[in-house]
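Remarks on the structure that follows.
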Amino acid sequence: MEAGLEHLKRGTAKNVDMMIIVVEPYYRSLEAGMRTFKLAKELNIKHLYVASNKFTNEADENAIKEFCEKYTMPIISNIPYDSNLIEAERNEKAPYDYNIEAPSIKAINKIADWISTH
């Protein structure tokens, strides 16, 4: 599903049992993630998690961690900012096909593995 609260407000997520909310180290992204998390809880989505995305340094990572702890939002993964994603787009390739060893792809693969065991 694409980003935003529209899916939750329309009830299209009624059969969802797991949701991973992707947040970036910016206040507006964190606020949107928190609102999405709260609404998903109200809709009784059982398994709610956060993946931090596009962090570039320890301060970014800590900002996301502190915000998520404040709102009791469990983080399952940290996906670093990765210029390989930009290069893949420029080369009209899927990031996975462009560089399977890219840090972001490794992190995303870990999420997929984690999902398959939960």
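Count along the sequence shown starting at 1, add 461, and that's the number in my numbering.
Using N, Cα and C, we set each Cβ at its ideal position, and we do this for glycine too.
Just so we're clear, the structure is a prediction, and the values are computed from it rather than from any experiment.
| Query | Result |
| --- | --- |
| What is the DSSP secondary structure of Y510, counted as helix, strand or coil? | strand |
| Considering only their Cβ atoms, is the gap separating P486 from A582 smaller than 8 Å? | Residue 582 lies beyond the range of the chain shown here (462 to 579); nothing can be said about it. |
| Measuring straight from C-alpha to C-alpha, what distance separates D478 and M495? | 18 Å |
| Classify K515: buried if its beta carbon has 16 or more other beta carbons within 10 angstroms, exposed otherwise. | buried |
| Let me make sure I understand the geometry here. Which of R489, M480, E519 has the alpha-carbon closest to that of L504? | M480 |
| Taking just the CA atoms, how far does K499 sit from Y532? | 9 Å |
| So I536 and K526 are supposed to be a Cβ contact under 8 Å. How far apart are they, rounded? | 7 Å |
| Just the Cα atoms here: how many angstroms apart are A549 and S538? | 22 Å |
| Our contact map puts P556 next to I566 with C-beta atoms below 8 Å; I'd like the distance itself, whole angstroms only. | 6 Å |
| Please classify I576: does DSSP put it in a helix, a strand, or coil? | helix |
| Considering only their Cβ atoms, is the gap separating N545 from A563 smaller than 8 Å? | yes |
| On the three-state DSSP scale, how would you describe N476? | coil |
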